[in-house]
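Single-structure report; data block below.
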Amino acid sequence: GQQVMQIPQYQHVQEGEDFTTYCNSSTTLSNIQWYKQRPGGHPVFLIQLVKSGEVKKQKRLTFQFGEAKKNSSLHITATQTTDVGTYFCAGSNSGYALNFGKGTSLLVTP
Amino acid sequence: NAGVTQTPKFQVLKTGQSMTLQCAQDMNHEYMSWYRQDPGMGLRLIHYSVGAGITDQGEVPNGYNVSRSTTEDFPLRLLSAAPSQTSVYFCASRTVGFGGYTFGSGTRLTVV
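Chains A and B supply the protein sequences, listed in that same order.
To convert, take the position in the first sequence, counting from 1, and add 76; that gives this note's numbering.
To convert, take the position in the second sequence, counting from 1, and add 24; that gives this note's numbering.
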């Protein structure tokens, strides 16, 4: 079945440093989504990428979808303490079931 | 507009007991899913539904049943609870077509 792998599992940065998490799928995806989960909270939808090579930005966050639609990345520029949480990618090749990666936990030290 | 509502928020069960985790959404979303979250394992799909009367299995369906008699409700039933089912359970919904899921606040289940 489809598997979505995410690296790194953990990342600890100083406030102001950049952060990147990577997502790879064993199969071609119809779309990929990114979610953020704060400690003790529930996942919150950030963005969806659909097109091959797509790049989207949300303020300091940049999301990319690979040309082959099998990988994606999330890059945060100049991290802030409010960026703390776990970032998940989730892929689908059917449009129905969404399979999540294991997430990257980001810790930001002031 | 309450979004996705899950009840209860916390539950302790004894091994072998059965229970139903409730999930309701008021956004008229067609798609609904149940996930479990365990430390280091991410979110794993249990069951999902693309509309009333239609359900399908996800990655980890064993020990769980679902039904979807209405668009709004998607209960998850544990038939005979086991300690391996200790987890945080999230229900999520979204509309047809591409779009992000809205998650409920979760149910923290402990099976002793």
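Glycine residues also receive a C-beta, built at the ideal position from the N, C-alpha and C atoms.
Distance between residue j and residue i (C-alpha atoms, nearest Å)
i	j	result
K146 (chain A)	P186 (chain A)	35 Å
S101 (chain A)	F121 (chain A)	19 Å
V36 (chain B)	A105 (chain B)	10 Å
Q82 (chain A)	R114 (chain A)	18 Å
F95 (chain A)	T180 (chain A)	10 Å
T79 (chain B)	Y86 (chain A)	35 Å
V136 (chain B)	G116 (chain A)	22 Å
V112 (chain B)	T31 (chain B)	12 Å
K33 (chain B)	R60 (chain B)	14 Å
G121 (chain B)	Q90 (chain A)	39 Å
N86 (chain B)	L102 (chain B)	10 Å
T110 (chain B)	T39 (chain B)	10 Å
M43 (chain B)	L133 (chain B)	11 Å
T155 (chain A)	K133 (chain A)	15 Å
L137 (chain A)	P84 (chain A)	17 Å
V74 (chain B)	T157 (chain A)	38 Å
Within chain B, partners of residue i - CB distance below 7 Å
i	result
G179 (chain A)	G66
Q134 (chain A)	By Cβ distance, chain B contributes nothing, its closest Cβ being about 13 Å from Q134 (chain A), past 7 Å.
8 Å Cβ cut-off: residues of chain A touching residue i
i	result
L69 (chain B)	A173, L174, N175, F176
S57 (chain B)	A173, L174
F114 (chain B)	H118, P119
Opening and closing residue of the beta strand (DSSP E) in which residue i lies
i	result
S106 (chain A)	Note, S106 (chain A): premise wrong, no beta strand (DSSP E); not H, not E.
R68 (chain B)	66 to 75
K132 (chain A)	131 to 134
L103 (chain B)	First-last for L103 (chain B): undefined, no H or E at that position.
N89 (chain B)	88 to 90
V84 (chain B)	Neither: V84 (chain B) is in no beta strand (DSSP E) and is coded neither H nor E.
L183 (chain A)	180 to 185
T31 (chain B)	28 to 31
S117 (chain B)	111 to 118
Contact check, residue i vs residue j, beta carbons under 7 Å
i	j	result
L150 (chain A)	F141 (chain A)	no
K148 (chain A)	I123 (chain A)	Contrary to the premise, residue 148 (chain A) reads as Ser rather than Lys in this sequence. Cβ distance not < 7 Å, so S148 (chain A) and I123 (chain A) don't count as in contact.
H88 (chain A)	L183 (chain A)	yes
K112 (chain A)	G167 (chain A)	no
Y88 (chain B)	A173 (chain A)	no
L69 (chain B)	G77 (chain B)	no
V28 (chain B)	G128 (chain B)	yes
S128 (chain A)	N169 (chain A)	no
M56 (chain B)	S93 (chain B)	no
Proximal chain B residues relative to residue i, where beta-carbon distance stays under 9 Å
i	result
Q140 (chain A)	Under the 9 Å cutoff, chain B gives no residues; its nearest Cβ is about 17 Å from Q140 (chain A).
F121 (chain A)	R118, G123, G124, Y125, T126, F127
Beta-carbon neighbours of residue i, restricted to chain A and to distances below 9 Å
i	result
S129 (chain B)	G117, H118
Amino acids of chain A, ordered along the chain, whose beta-carbon sits closer than 7 Å to that of residue i
i	result
V74 (chain B)	Y172
Residue i at chain E interface by Cβ criterion, 7 Å
i	result
Q87 (chain A)	The structure shown has no chain E; the protein chains it does contain are A and B.
Proximal chain B residues relative to residue i, where beta-carbon distance stays under 8 Å
i	result
F164 (chain A)	G66, L67
### Query
Per the contact definition of three or more C-beta pairs closer than 8 Å, is the stretch 48 to 62 of chain B in contact with the stretch 86 to 106 of chain B?
Three or more pairs of CB atoms, one per stretch, sit closer than 8 Å, so the stretch 86 to 106 of chain B contacts the stretch 48 to 62 of chain B.
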